[in-house]
Structure formats: C-alpha cells, structure tokens
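A.B. asks: Quick one: the structure is below, and I'll ask about it shortly.
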Amino acid sequence: MPALVLPSWRRRRAVLATLVAVALALFPAARAWALAPVPGGVPPRPPAPASPDPSLQAHPLASASAPLDNPLKGFARFYWPGSDQNTGYPHSLTWSYFGLSEVMTDPADCSTYDWSILDDALNEIASYGNQAAVRFYLEYPGGSGSHPGNAIPHCFDGHVTYRANTYWGTTSPDYDSAYLLGALSDFIAAFGARYDGDPRIGFIHLGLIGLWGEWHTWPFDTDTSGDTYPNFMPTDAHAGQILQAYDNAFDRTKLEMRYPDSAAGAGTNRDIGYHDDSFCYREGSPLAGVTLPRSLGGAGYAQLQRALDQGAENKWITTSMGGEVRPEIQSSAFASWPGGSGQVDNMKACIELEHTTWKINEQSQSYAPGDPNVAAAVRLMGYDLGVDNAYFKNTASGTTNVGVRIRNNGVAPFYYPWTVTLGLKNSAGTVVKTFDTSWDLRTVMPLKIRAFPDWGVGSDPAYLDYGYPQYFQTGVNLSGVPGGGYQWVLRVKNPLETVSANAKKLRFANATQGADGWLGLGPVTVGTGGGTDTTAPTAPTGLTAPSRTANSAALSWTASTDDVGVAGYRIYRGATQVGTSATTSYTDTGLSPATSYTYTVKAYDAAGNTSAASAPVTVVTLPSSAGGLVLDDFDGDPAYPSAARNDLGRWTGGNCFLNGGGSGAVSGGALSLRYDNCGWFGSDVNTDLSAYTHLVVRIKGAAGGEQAHFNLGLGGVTKVFGDFTLDGGGHPAVTTAYQDIRIPLSANGINRVSPGQLAMGFWYGGNSAITIDSLSFQ
C-alpha cells in the first residue's frame, strides 16, 4: 500500500512541443540493442571485453564514493507541486500517481486526451533536475488529496459494469470489459506515441489495473477459496492484452509491472521490469518476508519467490527493478544495515538478489545525509560506475586513440543509451573540444552477483563473478587544437539537459569527478613536443599543520618549482582531493573533533603537468570542550540561515515554516520556528558522540504542549518529541518557559558513533511556535 501524497496544486502549464523529437535523437532505438531475457538459474557471464591497446599509456584513476543523487537510481520522493523537489535525502527521482480520468476527460469520447496535468508535473520535476517515475490508476482508496479516488473516466459510463469494493470503498470497473480493454489499449498507444523516450521520464509503472494501479484488488482477487469475496481481477488473457499494448507502445522508456506472475507470467519474455512495492517487509506470524524467497525466510507469495517460480530472477539484466520501500518500515529500514530487524528483512540481501535500481521512499526526507548505512545502500542500488584506468598517449597530435576501462560495483546495469563524450580541458578549466563516442554504458555489468540459495552453488551469501571491467576505445582527431597542455575529460550526457539546466549529472566513483559532470582522465600534451611544456613541477616540501581546532586544520608548505611556473596546488585528505590553492597554505574545515586526518599536496602547472605528492602530514583535531559539544547556540555566528552552517561548521537549514522566509528565524540568541502542520529543520552532526550521553534541547513553546507537534530524528531513531524516554522514565513536555530537556542517547537507541543529522519534522497537525535556545551534547 503506497504512502499518501500531501495535497497539491498546479504550478504552471508549459508544453514542450519539440520534446519527443529531441528525445528520439537522444535515445537511439533501444529495441535494436535489447538483449533477450536471461532464463532462470545461474546466468552465463557476458563475453569478455577487449584488452586495452598496448601502445597507449595507462593512467590510473583514484576511486572515491559516488554521489548519492546520481540520476535514475536510489530513492524517489513524492511529487509535491509548488514545493522544493530536492529537500530531504539526496535523490534524483520524483514519483507521482495520475488518475486516468484526469487525462481522459471528455465524457463522450474516450479517444481524446488532455495531457496538461502530466506535462505540468513533468516540467516542474525537470526544473529541479530530476526525472519522473509515474503510474496511471483507475481506483485509489480515499484518493491522494490531489488526485481522485475514483479515476474511472466518465466515457466508460453506460459501457462498463461497475462493482463496489466494499473493503476499500472504491468502485472497481469490469476489467474484462471489451470496451474498457479497447479504451485502455488506445490510451496506452497514445501515451507511448507522446512520451516514449521523453527525457523527463525515467520509469513508467503499467498501473491501470486494480487498487492504486498495483494489479491487485485484494480481497476481491483471484484467491476466492478462503473467503466470500468475488474476483474483480481480469483474466490472464485480458491482463496480457494490457502488457502487450505497453510493450508495443514503448521502445525507449523503461516499463515496470507489479508481479512476475501477473497475466500468467506473460511479462517474462517482454521488455518490462518489475516493481516491488512492499520492498523488504516482513509480515504475518511468524514473520515472513514479502521480497526474499522461501529459501531465505520469505513467504510463498514473496516477490522473488514469484520470480523464481517464473524463471525470471535474471530479468534485471535487461530491465529495471523498481518499487517502494514498504511505508511501515521506511523510517527504520536501514538502521540495522546490512541486515534487518523486526519487520525489516535483510536489506542487503533484498537489494542484491532483486538487483534493485530505485525505490519510492517518502520518509527518506528525514534521513541524515551523513548516515553511512543509507549511503551504502543507495550506492549499492542500481549502477555504481568507476573508471579504474584511462589509456592515451601523453603527447599526441593528429589522429590518436583514447580508451577507458569502466567497472560497475552496483547490482544492476545502467539501462539507458546515454551518450558518452570525451573532451579536452585547457589550463583555465574550459573544455575546448569534445568528441562524442559510441560507447554503450548498458554493457557494463555488475562485477559480482549474489547467488540465490535455490541455485545450489554454496551457502548464503555466495557471490559469483559476472561482469568485467569494460574497455572502451575510440579514435579522435586533434587537428585544429592549438599545441599545449590539456586534460582529457569524460562525461555522460543526461538527455534531461535539453529541457532543464539543472539536470542531475551522471558522475563516476572517482576522485577526479567534477560536479559539472566532467571526469578528469589525466594530462595530455597536444603537439609533437618541440618547445611544449612537458615537465612537471617539483613536489611540495615541508608540509606542516601550524594550527588546528576541533573542526579545522590549517596547512602550509614550501613552494614547488617549475621550468615555466607553478599554477597552483591540489590538497588531498587521504586519497580525496578537498581543495586547491594558488598560495602555499590552505585550511580544511568541517572536520570532526578528536579525529586523525592525513594530508598530502601536489603542485600543477599551466600545461596540466602534476608533481608527485608531498610527504604526508597527520593532524589530530582538538577534542570538543569539556562542558559539552554545542551543535548550535543560535548566537548569530554563523548567521542562520544565510551561512547554512551550525557551530560544528556543518550544514543546517529549514523549510516550510511561517517565519524567516520558510527557514525559521534567529532572534535574541534563539531560533524561533513557527509552523502550521508543515516545517522541517535539519542540522548535521556527523561527529562521533561516544564521549557524550545526552542530547540537551533548551526549548520553550508559545502555548505549551508542543511536544506532540513534531518529531526528532538522530542516529537512526525518529520519534515524536514527546515519546522520547528521559532519565527516570518520564517524557519531554514543552512549556512556555525555557527548560533543558535532556534526552539520554543510548536509552533511546540513538547511534552515538554515527549520529548523522539531527532533524525535526512538524507534520502532526499542530499550529504554534517553539523557540530553541541551544542544541548540545553533554
């Protein structure tokens, strides 16, 4: 059962008339590439790739963690029209339902469509740089608040029999009606003709049939043996007609259906993925999983058991696996990562065996951005691409070859044929020439896959070699490029860039990956060498740390020398570049107290030559003050919200409040948050709190009793503020006078080692104001 969408309104109407034409150019016909579905059992490995050209020099690239909002993977949040679509945990997908009656609006003609409600949503979602995942439905119990509960078009009236689903209070049409099946098939054809390949859409759920479009009408379903409810579902043959209509209409945009065995498994050999909307949940007595198969404690009706029964457990190789983290467990789904607890099943096993690419997860809005458990899960989902080596000649002119070897440490391939482009970046950081390639990222398969116990290849967890680091090479012509020093760079073009300048960039898990989408491959000299600068600067010497605080380290070093001149310095914390400097000093901020960090520095010149690293220096930041660790005392330094930093030097901010332009306002050394059933405040901690036992919130309310109006999340635990347990067994109560509410960390299950972000959500019907004088740990 899906999470509900908050009430919404339309923001604007903008129809992009040339969108599909642009998309057709950007999305080559996928069906020509598409692999046949892989049968069940241990899948054969794909062919081994070509070896790198031995005439090219290898340039190793350092790995780093990929960003959490890479496109077309990870979490999807619900579409809230008119609201910031990028709040909460980093994400690149936005989910929305649409009632069929909102598009099929003519009561006398089922063959005319008003697409404005869909286009409005797609345009707004794209404006935030995100792609949409969508589903049309006919019946939605209670409605969503912004979309109708009964979405049966009035042009069905008098042609289609309607039945009452008395359990859910919905009207269920006769899904076996020839009139209905014809109208739905025509709608799907028109839907595909308009939106197949639309860069604003990442995934489409087939929908249309059953409650919420989820392809079930429980308890009015096919299982009539143990109840008195009639079956409202269509026959397998009629359901198969809907599958065929979608498969015929969409060649480029990825489709997903709810169950592997729907329509008697008619989707198994079609280009349609699966959508598990009760992901990794356990139910019943005793508890049984509804995602994992029987061999791992799942129920007979579990998603992966159904896939095994259909021989479709390898469908992920060619089609995407989406769905929804079951709403009941979203707030705690990753608290016990990589395993599970209670109603949360083994989360890592769910992702690995389903080969999950994306999941709806509305409650991810309250996850701490620094939570390592959530980050590990998101990076494992879908693709996780990194370049381990680039191959090119250090000096080149005319026609030359460039190659890269790309690995995939995720659980699924990238499913779209986005264009991979090489570029030359000059010393000023400007890309002066680009070269589109024919490289197909869809061929970069996961290096390892987890075996089902049903395959009988070893005790769980057993991992099998599957993909390879894939080698790509292309020839480029450097004619017309002025001689000198450059950097080879690479990027993947998100087709959404043709619609929105804010389109999220596909970024690699490498230290040289830039936020602008360009991945640095290494320096190259264009020309034959006569008089061209090919000499690297000397390595910096004398690296020291003359000062440090609990949250920063100041570095200085002796200047490098170069035959032409040093352009600047790159500063590395471990293997990660954290900044550059044109001088011989740099201050690294945002560090954790009492923590060890190791730094090195490299010099570079205008031609792109880079020195060897300096000798390392290790810095241990100072501990926090003995009187406690102040997260924020709201004394105006740093300024809230303009500085977006708390007293630990980490991010803080808020939205949807009635004061301070939505962020809340600091006045008189305290933060005032005025709300009316809407508001969110967050402040990153991301500091080991093992030395502290209590969170101390110095707070007062405008009327008293506000403890029931908001929740507080920290260290994997989210509770209504008044539900936290205090020393002695009592609970917080907000009064009109300031008081220090001391919340014991361990007693409330808060992870002190990895506390992540302190977050507060005001979604509980209250209308008042609270004032926070300080947040600290003691």
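Residue numbers for the sequence shown follow the working numbering, so the first one is 125 and each next one is one higher.
C-beta atoms are modelled at their ideal positions from N, C-alpha and C, and glycine is treated no differently.
What does DSSP give as the partner residues of residue 625 in its beta bridges?
C.D. replies: Indexing the sequence shown from 1 puts residue 625 at position 501. BP columns for residue 625 are empty, so no partner.
A.B. asks: Using 8 Å as the cut-off, can you tell me whether the stretch 594 to 604 makes contact with the stretch 429 to 442, which would need three or more C-beta pairs spanning the two stretches below that distance?
C.D. replies: With a cut-off of 8 Å, the stretch 429 to 442 and the stretch 594 to 604 do not count as touching, because too few Cβ pairs lie within range.
A.B. asks: Any idea what DSSP makes of residue 306, helix, strand or coil?
C.D. replies: As a first step, residue 306 must be located in the sequence shown, where it is residue number 182. Of the three classes helix, strand and coil, the one that applies to residue 306 here is helix, per DSSP.
A.B. asks: CA-CA distance, residue 821 and residue 493?
C.D. replies: By one-based count along the sequence shown, residue 821 stands at place 697. By one-based count along the sequence shown, residue 493 stands at place 369. Distance between the alpha carbons of residue 821 and residue 493 is about 21 Å.
A.B. asks: Among residues of its own chain, excluding the 5 on either side of residue 491, which ones have a beta-carbon nearer than 6 Å to its beta-carbon?
C.D. replies: Stepping through the sequence shown from its first residue, residue 491 is reached at position 367. Once the five neighbours on either side are set aside, the close Cβ partners of residue 491 are 213, 498.
A.B. asks: Could you give the distance in angstroms between the alpha-carbon of residue 154 and the alpha-carbon of residue 255?
C.D. replies: The residue labelled residue 154 in the question sits at position 30 within the sequence shown. The residue labelled residue 255 in the question sits at position 131 within the sequence shown. With a pLDDT of 35 at residue 154, under the threshold of 50, the modelled position of this residue cannot be trusted, and the question is left open.
A.B. asks: Threshold first: 3 residues or longer. Then list the beta strand (DSSP E) segments lying entirely within the stretch 737 to 811, N to C.
C.D. replies: Entirely contained in the stretch 737 to 811, the beta strand (DSSP E) runs reaching 3 residues are, in chain order, 741 to 744, 753 to 756, 776 to 779, 789 to 791, 794 to 800, 804 to 808.
A.B. asks: Considering residue 380, what are the terminal residues of the beta strand (DSSP E) in which it resides?
C.D. replies: Residue numbering aside, residue 380 sits at position 256 when the sequence shown is read from its first letter. Taken as a continuous stretch (DSSP letters only), the beta strand (DSSP E) holding residue 380 covers 378 to 381.
A.B. asks: DSSP three-state label for residue 239, please.
C.D. replies: Locating residue 239 in the sequence shown gives position 115, where the first residue counts as 1. Three-state DSSP puts residue 239 in coil, outside helix and strand.
A.B. asks: Is it true that the CB of residue 890 sits closer than 8 Å to the CB of residue 799?
C.D. replies: Your numbering for residue 799 matches position 675 in the sequence shown. Your numbering for residue 890 matches position 766 in the sequence shown. Their beta carbons are under 8 Å apart, which means residue 799 touches residue 890 by this criterion.
A.B. asks: Please report the distance separating the alpha-carbon of residue 848 from that of residue 856.
C.D. replies: On the sequence shown, residue 848 is found 724 positions in, with the first residue counted as 1. On the sequence shown, residue 856 is found 732 positions in, with the first residue counted as 1. The alpha-carbon atoms of residue 848 and residue 856 are separated by roughly 7 Å.
A.B. asks: Could I get the ranges of all uninterrupted beta strand (DSSP E) runs contained in the stretch 574 to 629, with 3 residues as the minimum, in chain order?
C.D. replies: DSSP runs (the beta strand (DSSP E)) wholly in the stretch 574 to 629: 587 to 589, 594 to 601, 608 to 616.
A.B. asks: So what's residue 893 in DSSP terms, helix, strand or just coil?
C.D. replies: Start at 1 with the first residue of the sequence shown, and residue 893 comes out as number 769. Reduced to three states, the DSSP call for residue 893 is strand.
A.B. asks: Out of 503, 272, 261, which has the shortest C-alpha to C-alpha gap to residue 193?
C.D. replies: Working through the sequence shown from its first residue, we reach residue 193 at position 69. Among 503, 272, 261, the Cα nearest to that of residue 193 belongs to 503.
A.B. asks: Please classify residue 636 as buried or exposed, where buried requires at least 16 other C-beta atoms within 10 Å of its C-beta.
C.D. replies: Working through the sequence shown from its first residue, we reach residue 636 at position 512. Answer is buried; the Cβ neighbour count reaches 16.
A.B. asks: Measure how close the beta-carbons of residue 806 and residue 760 come, nearest whole angstrom, since I'm counting them as under 8 Å.
C.D. replies: In the sequence shown, counting from the first residue as 1, residue 806 sits at position 682. In the sequence shown, counting from the first residue as 1, residue 760 sits at position 636. With 8 Å as the limit, residue 806 and residue 760 do not qualify as a contact, their Cβ atoms being about 19 Å apart.
A.B. asks: Exposed or buried, residue 169, counting other C-beta atoms within 10 Å across all chains shown (16 or more means buried)?
C.D. replies: What you label residue 169 is simply residue 45 of the sequence shown in a count that begins at 1. Per the 10 Å Cβ criterion, exposed.
A.B. asks: According to DSSP, simplified to helix, strand and coil, what is residue 696?
C.D. replies: On the sequence shown, position 572 is the one that residue 696 refers to. Here residue 696 sits in strand by DSSP.
A.B. asks: If you follow the alpha helix (DSSP H) that residue 472 is part of, which residue opens it and which one closes it?
C.D. replies: If you number the sequence shown from 1, residue 472 lands on position 348. Per DSSP, residue 472 belongs to the alpha helix (DSSP H) from 471 to 478.
A.B. asks: Taking the continuous alpha helix (DSSP H) assigned at residue 366, which residues delimit it?
C.D. replies: Mapped onto the sequence shown, residue 366 falls at position 242. Run containing residue 366: 360 to 373, per the alpha helix (DSSP H) assignment.
A.B. asks: Quick one: give me the first and last residue of the beta strand (DSSP E) that residue 503 is part of.
C.D. replies: Working through the sequence shown from its first residue, we reach residue 503 at position 379. Element bounds for residue 503: not the beta strand (DSSP E) but the alpha helix (DSSP H), 496 to 504.
A.B. asks: What beta strand (DSSP E) runs, 3 residues minimum, are completely inside the stretch 632 to 689?
C.D. replies: For the stretch 632 to 689, whole beta strand (DSSP E) runs of length 3 or above, ordered along the chain, are 643 to 650, 665 to 672, 676 to 682.
A.B. asks: Check the C-beta distance from residue 397 over to residue 406 and give it rounded, since I have them as a contact under 8 Å.
C.D. replies: Reading the sequence shown from its first residue, position 273 is the one you call residue 397. Reading the sequence shown from its first residue, position 282 is the one you call residue 406. Not really, about 24 Å apart at Cβ, beyond 8 Å.
A.B. asks: Would you call the CB atoms of residue 514 and residue 646 closer than 8 Å?
C.D. replies: Start at 1 with the first residue of the sequence shown, and residue 514 comes out as number 390. Start at 1 with the first residue of the sequence shown, and residue 646 comes out as number 522. Yes, Cβ-Cβ distance for residue 514 and residue 646 is below 8 Å.
A.B. asks: Quick one: what's got a C-beta closer than 8 Å to residue 325's C-beta in the same chain, skipping five residues either side?
C.D. replies: Taking the sequence shown and counting its residues from 1, the one referred to as residue 325 is at position 201. Same-chain partners within the cutoff: 246, 255, 256, 257, 258, 319, 377.
A.B. asks: Output the boundary residues of the beta strand (DSSP E) element that contains residue 431.
C.D. replies: The residue labelled residue 431 in the question sits at position 307 within the sequence shown. That residue, residue 431, is in no beta strand (DSSP E); its alpha helix (DSSP H) goes 427 to 434.
A.B. asks: How about the stretch 172 to 189 and the stretch 521 to 533: do they share at least three Cβ pairs that are nearer than 8 Å?
C.D. replies: With the cut-off at 8 Å, the stretch 172 to 189 and the stretch 521 to 533 touch.
A.B. asks: Counting only the same chain and skipping the five closest in sequence on each side, list residues whose C-beta sits under 7 Å from that of residue 643.
C.D. replies: The residue labelled residue 643 in the question sits at position 519 within the sequence shown. For residue 643, where only same-chain residues beyond five positions count, the Cβ hits under 7 Å are 511, 613, 614, 615, 632, 634, 636, 637.
A.B. asks: With respect to the beta strand (DSSP E) encompassing residue 866, which residues constitute its N-terminal and C-terminal limits?
C.D. replies: Position 742 of the sequence shown holds residue 866. 863 to 868 is the extent of the beta strand (DSSP E) around residue 866.
A.B. asks: If you draw a straight line from the alpha carbon of residue 277 to that of residue 630, how long is it in whole angstroms?
C.D. replies: Locating residue 277 in the sequence shown gives position 153, counting from the first residue. Locating residue 630 in the sequence shown gives position 506, counting from the first residue. Those two C-alpha atoms are separated by around 39 Å.
A.B. asks: When DSSP labels each residue in this structure, what does residue 409 get in the three-state scheme?
C.D. replies: Counting from one through the sequence shown, the residue named residue 409 turns up at place 285. Of the three classes helix, strand and coil, the one that applies to residue 409 here is coil, per DSSP.
A.B. asks: Mind listing, in chain order, the continuous alpha helix (DSSP H) runs of no fewer than 4 residues lying wholly within the stretch 271 to 326?
C.D. replies: Counting whole runs of 4 or more residues, the stretch 271 to 326 contains the alpha helix (DSSP H) stretches 302 to 319.
A.B. asks: Identify, in the order they occur along the chain, each residue of the same chain with its Cβ nearer than 6 Å to the Cβ of residue 809, setting aside the five sequence neighbours on each side.
C.D. replies: Taking the sequence shown and counting its residues from 1, the one referred to as residue 809 is at position 685. Cβ within range, chain order: 879, 882.
A.B. asks: Any idea if residue 355 is buried or exposed, counting beta-carbon neighbours within 10 angstroms, 16 or more meaning buried?
C.D. replies: Translated into positions along the sequence shown, residue 355 becomes position 231. Residue 355 should be labelled exposed.
A.B. asks: Does the stretch 573 to 589 come into contact with the stretch 753 to 770, if we say contact requires no fewer than three beta-carbon pairs (one atom in each stretch) closer than 8 Å?
C.D. replies: The stretch 573 to 589 is not in contact with the stretch 753 to 770.
A.B. asks: To the nearest angstrom, how far is the alpha carbon of residue 559 from that of residue 602?
C.D. replies: By 1-based counting over the sequence shown, the position of residue 559 is 435. By 1-based counting over the sequence shown, the position of residue 602 is 478. Taking the straight line joining both Cα atoms gives about 10 Å.
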